[in-house]
Every structure is written in structure tokens, then in C-alpha cells.
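Position one of the sequence shown corresponds to residue 1 (UniProt numbering), numbered consecutively onward. Built from N, CA and C at the ideal position, the CB exists for glycine as well. Quick notes on the structure that follows.
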Amino acid sequence: MIIMIAAAAENNALGKDNNLLWHLPDDFKRFKQLTSGHHIIMGRKTFESFPKPLPNRTHIVITKQKDYHPEGCIVVGSMEEALSKVPPNEDTYIIGGGQIYELGMAFADKLDITKVHARFEADTFFPEINLHLWKMTENEFHPKDERHQYDFSFQTFVRK
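Right, here's the structure in full:
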């Protein structure tokens with residue numbers, strides 16, 4: 001199954017200047033729990049936003065840069081090539097950024113979204129979810145608290 005996983009604001013904002021716009025520990029925990037042990041597909045800028053590769057995951061980086069070879073990563077030039085590197089019948093996660101989500105939307109079977117209940121100024125956005133094509137199957141609300149500055153919801157969508 002091809003799963004896109006993202007945290008997006010009410011206005012679909014993802015980030016600005018290659019940084020996240022919020023700090024939600026429970027979202028990080030969920031991301032780690034869901035993606036550990038799987039292939040993760042991302043763009044070069046997303047990969048470079050990490051201090052180091054994420055443990056216990058196979059990194060597939062999509063880039064147009066021919067001489068880009070970060071250690072321990074599979075580097076490809078397209079979403080199709082990225083998906084061809086994933087073993088058959090294995091879940092794989094598309095983890096961003098904005099352009100990669102745009103490319104991945106046509107291939108995805110499922111969307112695991114953390115909807116941050118706020119609006120942000122951003123330069124990177126998640127694509128609009130077309131509710132004629134996607135059905136929400138889960139929506140778990142989490143109010144803000146001492147660890148989380150914003151209300152958020154864990155939402156799951158499956159292709160109709």
C-alpha cells in the first residue's frame with residue numbers, strides 16, 4: 001500500500017523555509033510508529049531538513065541532481081522510479097515535501113494526515129484532498145495541552 005503521511009494546517013500549510021511550523025510531540029510519535037521498518041519516499045529538500053537519516057527506515061530520495069548521493073539512501077529521479085524500488089506488497093510512506101505530495105497523490109492508496117487546527121504563513125503546502133476521490137475513515141481530535149500548542153486531529157483517508 002502507498003501511504004502519504006503529513007501534518008498540514010487548516011490552509012494546507014506544511015512548512016516555510018524548509019522548516020516545520022509547529023512542534024507536536026504526539027505527531028512525531030505517530031510518524032515514527034507508522035513509518036518505522038518501512039521505505040520512506042521524500043524529496044531532496046525534505047531529506048536535507050533532517051539532522052541525520054531517520055533510524056529503522058529505508059530512505060528513497062527523489063531529486064533531479066545527477067550527482068546527489070547521500071550515504072545510505074536510494075536516489076531516484078521520479079516518483080515512478082521511487083515506487084519501483086519498494087518490495088512488492090510492502091507498505092511505503094511518501095513523507096514530503098509539497099512537490100513530492102503533488103506527485104504522489106495519483107499513486108496513493110491512503111492518506112494519514114495530522115490536521116493542525118490553525119492557519120499559518122507558509123511556502124510549502126499539502127495538495128487539496130478531493131472528497132469525491134477520498135473518504136475519511138478516521139478522525140481523532142486532540143486538544144492543545146502543555147506539550148502541544150495547537151489543537152490537532154489524526155485523520156485517515158482511503159481512496160474511494
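Quiz item: Would the beta-carbon of Val61 be found less than 8 Å away from any heavy atom of the ligand FMN?
Solution: The ligand FMN is not part of the structure shown, which contains no ligands of any sort.
Quiz item: Hey, Thr156 and Met136: beta-carbon distance below 9 Å or not?
Solution: For this step, residue 156 is matched to residue 156 along the sequence shown. For this step, residue 136 is matched to residue 136 along the sequence shown. Annotated as proximal: Thr156 and Met136, with beta-carbon spacing under 9 Å.
Practice problem: Could you check what DSSP says for Thr63 in three-state terms: helix, strand or coil? | Solution: Counted from its first residue, the sequence shown places residue 63 at position 63. It is coil, neither helix nor strand.
Self-check item: Endpoints, beta strand (DSSP E) assigned at Arg30
Solution: Within the sequence shown, residue 30 is the residue found at index 30, counting from 1. First-last for Arg30: Pro25 to Thr35, but that is the alpha helix (DSSP H), not the beta strand (DSSP E).
Practice problem: State the start and end residues of the unbroken alpha helix (DSSP H) segment that holds Leu47. | Solution: Locating residue 47 in the sequence shown gives position 47, counting from the first residue. Here residue 47 turns out to be Phe, not Leu, going by the sequence shown. Phe47: member of the alpha helix (DSSP H) spanning Arg44 to Glu48, first to last residue.
Exercise. Counting only the same chain and skipping the five closest in sequence on each side, list residues whose C-beta sits under 7 Å from that of Ala82.
Key: Counting from one through the sequence shown, the residue named residue 82 turns up at place 82. Cβ neighbours of Ala82 beyond the five flanking positions: Ile41, Ile60, Ile62 and Val76.
Quiz item: Thinking just about the alpha-carbon of each residue, which of Trp134, Gln149, Leu54 and Pro70 is nearest to the one in Met4?
Solution: On the sequence shown, residue 4 is found 4 positions in, with the first residue counted as 1. The residue with the shortest Cα to Cα distance from Met4 is Trp134.
Exercise. Determine the direct distance from the alpha carbon of Lys45 to that of Lys52, and round the result to whole angstroms.
Key: Start at 1 with the first residue of the sequence shown, and residue 52 comes out as number 52. Start at 1 with the first residue of the sequence shown, and residue 45 comes out as number 45. Taking the straight line from one Cα to the other gives about 13 Å.
Quiz item: Exposed or buried, Phe31, counting other C-beta atoms within 10 Å across all chains shown (16 or more means buried)?
Solution: Locating residue 31 in the sequence shown gives position 31, where the first residue counts as 1. In summary, Phe31 is buried, with 16 or more beta-carbon neighbours lying within 10 Å of its beta-carbon over all protein chains present.
Exercise. State the DSSP-derived secondary structure class of Leu14, mapped to helix, strand or coil.
Key: By one-based count along the sequence shown, residue 14 stands at place 14. Leu14 falls in the strand class under three-state DSSP.
Quiz item: Taking DSSP as the reference, what is the three-state secondary structure of Gly96?
Solution: Against the sequence shown, residue 96 aligns to sequence position 96. Strand.
Quiz prompt | Nearest neighbour of Ala121, chosen from Thr58, Ala7 and Leu21 [CA to CA] | solution = As a first step, residue 121 must be located in the sequence shown, where it is residue number 121. The question names Ala, but residue 121 is Glu in the sequence shown. For the options Thr58, Ala7 and Leu21, the alpha carbon positioned closest to that of Glu121 is the one of Leu21.
Practice problem: Just mark Gly72 as buried or exposed, buried being the case when its beta carbon has 16 or more other beta carbons within 10 Å. | Solution: Residue mapping note: residue 72 aligns to position 72 of the sequence shown, counting from 1. The residue in question, Gly72, is exposed, as its Cβ has fewer than 16 Cβ neighbours within 10 Å.
Quiz item: Hey, how far is the Cα of Ala106 from the Cα of Ile129?
Solution: The residue given as residue 106 occupies position 106 in the sequence shown. The residue given as residue 129 occupies position 129 in the sequence shown. Distance between the alpha carbons of Ala106 and Ile129 is about 11 Å.
Quiz item: Straight-line CA distance for Tyr101 to Arg119?
Solution: Here residue 101 is taken as the residue at index 101 of the sequence shown, counted from 1. Here residue 119 is taken as the residue at index 119 of the sequence shown, counted from 1. Their backbone Cα atoms lie some 19 Å apart in a straight line.
Quiz item: Who are the Cβ neighbours of Thr58 in its own chain at under 6 Å, not counting the five residues just before and after it?
Solution: In the sequence shown, the residue the question calls residue 58 occupies position 58. Closer than 6 Å at Cβ, skipping near neighbours: His39.
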